[in-house]
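First comes the structure, then the notes that go with it.
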Amino acid sequence: MKKTVLITGATSGIGKATAQLMAKNNYKVILCGRRKDRLEELEKELSTFTEVYSLSFDVRDKKNVLESIASLPAEFSTIDVLINNAGNAHGLDPIQTGDLDDWDAMIDINVKGLLYVSKAIIPKMTERKSGHIINIGSTAAKEVYPNGNVYCGTKHAVDAITAGMRIDLNPFGIRVGAIHPGMVATEFSEVRFKGDADRASNVYKGFDPLQAEDVADIIHFVVSRPYHVNIADLMVMSTAQASSTIVKRD
Ligand code: NDP
Ligand code: 8X3
């Protein structure tokens with residue numbers, strides 16, 4: 000029987016590439032994101048491969064998250080795989096001049112949003128005693144870089160929450176793991192720099208960064224292991240990147 004995967008942040012970057020790959024690999028796909036036009040377009044594209052359903056919600060709105068996921072039609076309501084991918088950095092400022100709204104956005108989306116979506120889905124997994132949760136962390140979950148303060152804090156939290164989920168869900172036979180990419184050329188830096196396309200493209204200049212498809216490929220690999228195999232923690236960087244701050248550029 001086809002498995003169902005729910006992907007948050009499917010309107011762009013890693014989430015979109017993952018939805019495309021999972022759809023072509025015989026999974027039913029639930030696409031989540033705020034931008035309805037992008038959801039509609041992707042749903043149309045992927046419907047030629049598989050059954051697709053879209054949910055538009057802001058992960059910060061806990062009522063909307065819970066109600067949206069509860070509203071899934073019966074044929075999509077058994078979620079086998081949850082990919083908690085929605086998230087972004089907002090700003091890159093030293094702690095003394097950081098913007099309070101940026102801090103709220105990152106903590107509310109990257110941490111609390113991930114928790115709300117998980118809370119909406121985990122009870123059915125524990126009932127069935129099966130399921131797979133993949134949280135998208137970052138190299139920023141493992142190290143802290145200059146001006147990364149709050150973003151790194153949210154990703155460290157994702158790392159700790161992933162470990163906590165794995166422990167608490169262990170009696171139910173649920174797989175839980177995190178995937179931690181280094182720099183991936185997506186819309187991530189455009190969001191971080193509030194639409195400054197030049198500043199964003201400089202982040203990926205002079206080296207061959209990871210692409211969203213590279214990370215999607217890894218997510219598919221992790222999901223498609225035999226059920227007794229749980230890839231608990233996986234870090235992936237471009238060959239040119241050695242750490243958050245060390246990148247070999249031309
Ligand atoms: P993108 O900006 O391309 O995609 C971010 C996705 O998150 C979009 O689909 C966006 O959808 C969704 N999203 C953002 N805010 C919200 C919200 N409030 N409610 C619902 N959905 C939201 O970035 P990436 O694909 O690169 O990022 C995906 C994940 O990967 C993030 O968790 C990021 O931290 C992580 N990551 C990224 C790296 C990189 O270098 N790119 C490296 C390591 C980790 P919409 O706006 O339509 O709601
Ligand atoms: C995104 C990668 O290095 O910009 O998590 O933090 S980085």
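Okay, so the sequence shown: first residue is 0 according to numbering that gives the first Met the number 0, each after it adds one.
Built from N, CA and C at the ideal position, the CB exists for glycine as well.
Since the structure is predicted, the reported quantities are computational estimates derived from the model, not experimental observations.
- Remark: the C-beta of ASN84 is in contact range of the ligand NDP, defined as less than 7 Å to any heavy atom.
- Using a Cβ-Cβ distance cut-off of 8 Å, the region 139-146 and the region 190-202 are not in contact, since fewer than three pairs of beta carbons, one from each stretch, lie closer than that value.
- As DSSP reads the structure, MET234 sits in a beta bridge with HIS179.
- For ALA88, the secondary structure class from DSSP, reduced to helix, strand or coil, is coil.
- The Cβ atoms of GLY136 and ASN84 do not sit closer than 8 Å to each other.
- Relative to the ligand 8X3, GLY14 has its C-beta separated by 7 Å or more from all heavy atoms.
- Of the heavy atoms belonging to the ligand 8X3, at least one sits nearer than 7 Å to the Cβ of ALA139.
- Under DSSP, LEU209 shares a beta bridge with VAL183.
- From the listed residues HIS227, ILE245, LEU99, the smallest Cα separation to GLY181 is found for ILE245.
- In this structure VAL58 does not touch TYR150 by the C-beta definition: roughly 16 Å separates them, more than the 8 Å allowed.
- Inclusion of VAL157 and ASN134 in the CB contact set at 8 Å is warranted, their separation being smaller than that value.
- Under DSSP, CYS31 forms a beta bridge with LEU54.
- Bounds of the alpha helix (DSSP H) holding VAL202 are 196-202.
- Relative to the ligand NDP, PRO180 has its C-beta within less than 7 Å of a heavy atom.
- ILE173 is the residue among ILE173, THR7, GLY152, LYS27 whose C-alpha sits nearest the C-alpha of SER129.
- Given a length threshold of 4 residues, the region 130-157 has no whole run of the alpha helix (DSSP H) inside it.
- In the displayed model, LYS2 falls within a strand according to three-state DSSP.
- ASN83 sits in a strand when the DSSP states are folded into three classes.
- Between the region 42-52 and the region 92-104, the count of Cβ pairs shorter than 8 Å is below three; the stretches do not touch.
- With a cut-off of 8 Å on Cβ pairs, the region 28-36 is not in contact with the region 230-248, counting fewer than three such pairs.
- Counting C-beta atoms within 10 angstroms of its own C-beta, SER70 has fewer than 16 neighbours from the protein chains shown and is therefore classed as exposed.
- ALA139 is a Cβ neighbour of SER243, given a cutoff of 8 Å.
- In the three-state scheme derived from DSSP, where H, G and I count as helix and E and B as strand, ARG174 is classed as strand.
- Between GLN210 and the set VAL4, THR3, THR10, ALA16, the nearest pair of CA atoms involves ALA16.
- ILE68 and PHE206 have their C-alpha atoms some 40 Å from each other.
- VAL190 carries a helical assignment under DSSP once its states are collapsed to helix, strand and coil.
- C-alpha of LEU113 to C-alpha of ASP249: approximately 37 Å in a straight line.
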